[in-house]
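Participant: This is the structure, below, for whatever I ask next.
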Amino acid sequence: MTPPRHGARPIVVDETPGMKAYCQCGHSGNLPYCDGSHARLGTGLAPIVVEVTETHKQAVCQCHHSGNLPWCDGTHATLSGSPPGG
Ligand code: FES
Numbered sequence: 002m003t004p005p006r007h008g009a010r011p012i013v014v015d016e017t018p019g020m021k022a023y024c025q026c027g028h029s030g031n032l033p034y035c036d037g038s039h040a041r042l043g044t045g046l047a048p049i050v051v052e053v054t055e056t057h058k059q060a061v062c063q064c065h066h067s068g069n070l071p072w073c074d075g076t077h078a079t080l081s082g083s084p085p086g087g
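Residue 2 is where the sequence shown starts when you use our numbering, and the numbers rise one by one after that.
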């Protein structure tokens, strides 16, 4: 099984309304969105699908340790090895 790949900080997007599939394996070529790599690589993971109802700026977690996935809650900055000022 291919292990997940974690990012050091969130990806901030100007999100628009619609159904969004947020990558949880870290291998997508279109982060923060899923591109199906999770299945192709056999990660055993799946995206988190959310219906976005309004346009807004959103920080999408890439460390995958947030307590409010798929949204960043700042946990990345507390992880050992995270860059200063995360
Ligand atoms: S590509 Fe990562 S969850 Fe789909």
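Ideal Cβ placement from N, Cα and C applies to all residues, glycine included.
(1) Taking His39 as part of the alpha helix (DSSP H), name the residues at either end of that continuous run.
(2) Assign Ala78 to one of three DSSP states: helix, strand, or coil.
(3) For Ser67, I'd like the list of residues in its chain whose CB is within less than 7 Å of its CB, leaving aside the five on either flank, ordered along the chain.
(4) Short check: CB of Met20 to CB of Val61, under 9 Å?
(5) Run through the DSSP bridge pairs and tell me what His57 is partnered with.
(6) Could you tell me the distance, in whole angstroms, from the CA atom of Pro48 to the CA atom of Leu32?
(7) Whole angstroms are fine: how far does the CA of Arg41 sit from the CA of Pro11?
(8) Using DSSP with H/G/I as helix, E/B as strand and the rest coil, what is Ala89?
Facilitator: Taking the structure as given:
(1) Ser38 to Arg41
(2) helix
(3) Cys73, Asp74 and Thr76
(4) no
(5) Glu16
(6) 11 Å
(7) 24 Å
(8) With the chain represented from 2 up to 87, any question about residue 89 goes unanswered, as that position is not in the structure.
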